[in-house]
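S.K.: Residue numbers (the working numbering): 1102 to 1490. Ideal Cβ positions, reconstructed from N, Cα and C, are used throughout, including at glycine. The model shown is predicted, which means the values in this text are computed figures rather than measured ones. Handing you this structure, nothing more for now.
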Ligand code: PMP
C-alpha cells in the first residue's frame, strides 16, 4: 500500500508527544475527559433467538389494519428533502391526542434520551448539579456526566422505593440543583412516588423539575393536566413504551419560555421524515395502541400473581410494563433463564438496593408463559406453570 503523502510543514508542526506512531490510547488518555474514560458505552445484549423481555418494549408489532396505510404514507415521503424542522403537523396532533394543556410549549426529541441530553446541555455543565433518585434510569447520570455536570443520585427508601422526602429536601437546599429528574413510574422499580412528595419537590427545587412519564400508558396517574400550575415543571413522555420504540420519538411539554430555551440546543431536523409520518398515523389511531397497552396491563396483573406465588421470590407491584423481582442468587437465575432462551435484565450490582433483583418486561401471553415455564425449571426443575398464569 502506498503511504499517504506528508508535507514538510505538517512534520515540523508535530511536537514530540504527537510523533507519528503515538497510539490512539496515548492520545485518548491525554484528551478524553477522565469521567468519560471511566465509563462504558451503554450495553445492549444480543437477543438473537431469545424471548426478549429485557427492554420494556411493547411485544406487539404495528397493528395489522394500519400496515397498508403506513407503507403508502412512508413511500410518499420525499426523502431527498430535509424534514419539517419543527414537525408542526405532528406536534399539533400530538397536543390534541395526548391532551397537552393549552398554552404549554411542546418539543420533540429523537427518543426521550435525546431530550435528556438537551436538558443537560441547557442546564448542566461545570459547576452545575443534576439530581435524581436511585435506583433510577441510568441515562440521567450518564448524560449529566457527558455534559460535564456534577450528578447526585439520592437513594430511594429500602423495600418500598419511595422518596425519602426529608433527605431530598435537604439535598435540594444544600446542593441547589439546576435540574431534578423524577421518573413516575420509576424505572427499574415500577412504582409511582407519593403525589405529595412530588409536589413538595416542585415547590422546593430552585431550577427545573422534569417529571418523566415514560411509562404513562400503563398507569392512570399523570401530572399532565396540572402542568400549567407549576412554572418549573417539565413533563416528558415517549412513544417507545406504547409500541413504537423503533421510531425513536419523545416529547416534553411545559412553560413556553422553557421550551423556547430548550429549542436552542436542539439539533436541526432532529425528527426524521419517516418518524414524523409514522407517528402521525399512530396518533390518528391511538385506540389501536391503547388496546395493546390495555392487554399489557392485564398481563402484568397475571404475571404479578404468578410470580408472587413462587416461594422464595419477592415481587414488587408495578404501574409500568415490567416487574421487578428478587430471587435467591438473582445473577445465577438470570444466566439460567438466558440458557433456557429468555432474556431478562439483571440488576444485581446496579445499586445496593437491587441485590439479587431481575426485571422482566411484560410480553405477550405466550411469551409470559414461556418465561414462567423457564423460571419454574430454573427454580425447582419440576413444577410447571402452564396452567397457573
Ligand atoms: N425515561 C425512562 C424512565 C426510561 O426508562 C427510558 C427508557 N428505558 C427512557 C426515558 C428513554 O426512552 P426513549 O429514549 O426510548 O424515549
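First and last residue of the beta strand (DSSP E) that includes residue 1352?
M.R.: Run containing residue 1352: 1351-1355, per the beta strand (DSSP E) assignment.
S.K.: Residue 1479 lies in the alpha helix (DSSP H); which residues open and close that run?
M.R.: Residue 1479 -> alpha helix (DSSP H) spans 1466-1480.
S.K.: Could you tell me the alpha carbon to alpha carbon distance between residue 1160 and residue 1451, rounded to whole angstroms?
M.R.: Near 25 Å, if we compare the C-alpha coordinates of residue 1451 and residue 1160.
S.K.: Taking one C-beta from the stretch 1317-1328 and one from the stretch 1256-1266 each time, how about it: are there three or more such pairs within less than 8 Å?
M.R.: Short answer: they don't touch.
S.K.: Since residue 1423 sits in a beta bridge, which residues does DSSP pair it with?
M.R.: DSSP output for residue 1423 lists 1462 as bridge partner(s).
S.K.: Rank 1421, 1240 and 1390 by C-alpha distance to the C-alpha of residue 1405 and give the top, closest one.
M.R.: Closest option to residue 1405, Cα to Cα, is 1421.
S.K.: Exposed or buried, which one is residue 1137 when buried takes at least 16 other CB atoms within 10 Å?
M.R.: It is exposed - the Cβ of residue 1137 has fewer than 16 other Cβ atoms within 10 Å.
S.K.: Buried or exposed: where does residue 1392 fall if 16 or more other Cβ atoms within 10 Å of its Cβ makes it buried?
M.R.: Its Cβ having fewer than 16 others within 10 Å, residue 1392 is exposed.
S.K.: At a cut-off of 7 Å, is residue 1390 close to the ligand PMP when judged by its beta-carbon and the heavy atoms of the ligand?
M.R.: No.
S.K.: Is the number of C-beta pairs between the stretch 1376-1396 and the stretch 1220-1238 that are closer than 8 Å three or more?
M.R.: Segments in contact, no.
S.K.: State yes or no: is the C-beta of residue 1313 nearer than 7 Å to some heavy atom of the ligand PMP?
M.R.: At least one heavy atom of the ligand PMP is nearer than 7 Å to the Cβ of residue 1313, so yes.
S.K.: According to DSSP, is residue 1216 helix, strand or coil?
M.R.: Three-state DSSP puts residue 1216 in a helix.
S.K.: When burial is assigned at 16 or more other CB atoms within 10 Å of the CB, is residue 1304 buried or exposed?
M.R.: Exposed: under 16 other Cβ atoms inside 10 Å.
S.K.: If we count Cβ pairs, one from each stretch, closer than 8 Å, do we get three or more for the stretch 1280-1287 versus the stretch 1298-1313?
M.R.: Yes, they touch.
S.K.: Just the C-alpha distance for residue 1165 and residue 1172, rounded to the nearest angstrom, thanks.
M.R.: Distance between the alpha carbons of residue 1165 and residue 1172: 12 Å.
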